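The structure appears below as C-alpha cells.
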Amino acid sequence: MDQAKKPEAKSDSLIARLSHQLAALEKRDWELWLIVTGTGILVGVGLLALIFPSAILRRGNVRMEIEVSRELFVSLVALLILFNTYIISRRLELRRTRDAVISATIQSELARLQSFTDPLTEVYNRRSLDDMAGKYMGRAKRLGTPLTFMVLDVDRFKEINTRFGHLTGDFVLAEIAAILTSAVRGSDAVVRYGGDEFLIILGEADLRGGQIVAGRIAKYSEDWSAAGHLPNFELTISIGLAEWHVGQTLDRVLDEADRRMFSSKETRKDGTSRK
C-alpha cells in the first residue's frame, strides 16, 4: 500500500468546484441586476425627456401636461409587464439552478462517502484505508503528534459461522464494529480490513494510549458475551499495536501490527489449550 493521497485534497476539490459553480451563478445574478438597473435608468431618462419639456412654471409651481397616444401607453405597459415577467423567470431559474448545483454536489459527496463505507458494519471499508491513513499520517507529521495503528482479528470466527450460521456471523461482525466504535473517540477511525479483521487508527495516541483502548475493547467484549448473545461462546478479539513514525510506509507499520496481532492470537491459543 502506498502512503498517500490525502482525503483533504478531494474535499478541497469538491469545495473548489462548488465555489466555482456558485460564483458563476452569482455573476449571472449580478448581470441580471445590472440589466434591471440599466433598464430602470433608461426608463427614467425617457420619462424625464417627456416630462421636462412639458413643464410650465406658474407662480412657483410646476405644472406638467403630457399627451401620450393610446398605442404608446399600451406598448409601454406591455413592455413593463414583459420585462418584469422576464426578470422574475430569470430569478426563479437562477434559484432552481443554484439549488440543483448544491443538491448535485451533496449527492456526489454522499455517494463518495458511501463508497468508503462497509454496508454490513457501517464503518470504513478497506478501499478508504489509503485515504484515511494518509490523512492521519499527514496530520501527525505536521503537528508532531503520535499515531498508533491497531489490527484486530475475531478469535474463532469460523466456529461462529459453523455453529450458528452465516447470518449470525454477519450479526456478530456488526456487533463487533459497534464495540470498536464505542471504544474509541470520534476523531479515531474504525476500518473493516477484510472478513473478520478490523483496523483502528488512533490519532494523537501512542502505544500506551492504544493499550488503554485495547483494554476497553476486551472489557466490552466480555460484557457482550455475558449478555448471552451466543450460547456457550465467549467473544474474544486478538489485537496488535504499532506506533507509526515519520518515514514509515503504511505497509510497514501495518505489517508490524499484524505480527503482534498473530503473536497475541497464538498466545491466546496456547493459554486455551493448557486449560
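Numbering-wise, the sequence shown is residues 164 to 438 according to the numbering used here. Heads up, the beta-carbon is just placed ideally off N, CA and C, and yes, glycines get one too. These numbers were taken from a predicted model, which means no experiment stands behind them.
For this session: Specify, as a first and last residue, the run of the alpha helix (DSSP H) that valine 376 falls within.
Result: Segment 370-389, the alpha helix (DSSP H) holding valine 376.
Exercise. Which first and last residues belong to the beta strand (DSSP E) in which glutamate 406 is found?
Worked result: Its beta strand (DSSP E) spans residues 400-407.
Problem set entry | the region 314-329 in contact with the region 350-359 per 3-pair CB rule at 8 Å | Enough Cβ pairs lie closer than 8 Å, so yes.
Exercise. Which runs of the beta strand (DSSP E) fall wholly inside the region 321-377 and span at least 3 residues, in chain order?
Worked result: Those beta strand (DSSP E) runs which fall completely within the region 321-377 and span 3+ residues are 352-357 and 360-366.
For this session: Quickly, what does DSSP pair valine 237 with across the bridge? List them, please.
Result: In the DSSP output, where bridge partners are listed per residue, valine 237 has none listed.
Exercise. Ordered along the chain, which non-local residues of its own chain (more than five positions away) have a Cβ less than 8 Å from that of lysine 304?
Worked result: Cβ within range, chain order: Val409.
Exercise. Over what stretch of residues does the alpha helix (DSSP H) that includes leucine 315 continue unbroken?
Worked result: That residue, leucine 315, is in no alpha helix (DSSP H); its beta strand (DSSP E) goes 310-317.
Problem set entry | arginine 305, enclosing alpha helix (DSSP H) - first and last residue | Arginine 305 -> alpha helix (DSSP H) spans 292-306.
Exercise. Leucine 398 to leucine 370, Cα distance in whole Å?
Worked result: Put simply, the backbone Cα of leucine 398 is about 24 Å away from that of leucine 370.
Exercise. Does the region 377-393 touch the region 337-344, meaning 3 or more C-beta pairs lie closer than 8 Å?
Worked result: Yes, the region 337-344 is in contact with the region 377-393.
Exercise. Based on the DSSP secondary-structure assignment, which residues constitute the bridge partners of tyrosine 287?
Worked result: Beta-bridge pairing links tyrosine 287 to Thr280 and Val354.
Exercise. So, are the CB atoms of histidine 392 and glutamate 429 less than 9 Å apart?
Worked result: It is not a contact, given that the beta carbons lie outside the stated cut-off.
Problem set entry | Rounded C-alpha distance that separates alanine 381 from leucine 255 | Their Cα atoms are separated by approximately 58 Å.
Exercise. Are there 16 or more other CB atoms within 10 angstroms of the CB of threonine 284, so buried, or fewer, so exposed?
Worked result: The Cβ neighbour count for threonine 284, taken over all protein chains shown within 10 Å, is at least 16; the residue is labelled buried.
Exercise. By DSSP, does leucine 220 sit in helix, in strand, or in coil?
Worked result: Confidence is the limiting factor: at leucine 220 the pLDDT is only 49, short of 50, which leaves the residue's position unreliable and the question unanswerable from this model.
Exercise. What number of angstroms, rounded off, separates the C-alpha of leucine 310 from the C-alpha of valine 317?
Worked result: Taking the straight line from one Cα to the other gives about 23 Å.
Exercise. Should alanine 420 be labelled buried (16 or more other beta-carbon atoms within 10 Å of its own) or exposed?
Worked result: Per the 10 Å Cβ criterion, buried.
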